[in-house]
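Numbered according to numbering that gives the first Met the number 0, the sequence shown terminates at residue 194, and the numbering increases by one at each position without gaps.
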Amino acid sequence: MRSLLLSLIVAAVVAAEPFTLERLAAISRDIATVRIPFVQEKRLAILPEPVTAEGAIEISRPQAAVRWEFTGRSLMVLADGRIRRWDDRGREQVGDDPSLEALGAQMRALLSGDFASLGELFIVTPDADGAPALTLTPKRAELKRYIERIELRFRADLSAPQELVIVAPGDDLTTYRFAEPQVGIELPAARFAGP
0 MRSLLLSLIV AAVVAAEPFT LERLAAISRD IATVRIPFVQ EKRLAILPEP
50 VTAEGAIEIS RPQAAVRWEF TGRSLMVLAD GRIRRWDDRG REQVGDDPSL
100 EALGAQMRAL LSGDFASLGE LFIVTPDADG APALTLTPKR AELKRYIERI
150 ELRFRADLSA PQELVIVAPG DDLTTYRFAE PQVGIELPAA RFAGP
């Protein structure tokens, strides 16, 4: 009971502080490992119903690795400084994909906690009212063909993302809703080697 009360007090103090990129980076550095389940919903102008998928993001700062998995569909791993991806059959995919550059930048920001580093690809704008949220607007023309903006909202304690919305040209919208993060869990190195 005492630890629950202490956790609630700490969460209240953290939530009371204004949101800044520096504060986000500092809190991120203190989290060695985290697993964040999500549900992705795609609303495409050409389809009458949304397409949904479940998955999880796993981050290990000690291993400098991120695993972004769509359960039973595909997997992307950032490890050893490079991004690798696999299809639903476990076959590694190769080739250039402009959207992969943006995803790679987001994966690196999740790993480091340094969302200001996205400034090479995006205009990074914190929420004007101080909410724990960022809007990322592409700078490069090739990214603008795929992404109008990304809206990223964090949990009040800044331990993990709460929602990620990708707005694409043509009224296409992809929303990730993140569940409660599992902080400090064991993530074996094999999780970041492939399927």
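No residue lacks a Cβ here, since even glycine has one placed at the ideal position from N, Cα and C. Note that the structure is a prediction, hence the values are computed from the model and not measured.
Collapsing the DSSP output to three states places Asp171 in a strand. Ala189 has its alpha-carbon roughly 16 Å from the corresponding atom of Glu91. Secondary structure at Gly193: coil, using DSSP grouped into helix, strand and coil.
As DSSP reads the structure, Val93 sits in no beta bridge. Relative to Ala64, the option among Ile184, Leu110, Pro49 whose CA is nearest is Leu110.
Between Ile184 and Thr173, the beta carbon gap of about 26 Å keeps them out of contact (Cβ cut-off 8 Å). Closest in alpha carbon position to Ile149, among Lys138, Ala140, Leu163, is Leu163. Secondary structure of Ala25 (DSSP, three-state): helix.
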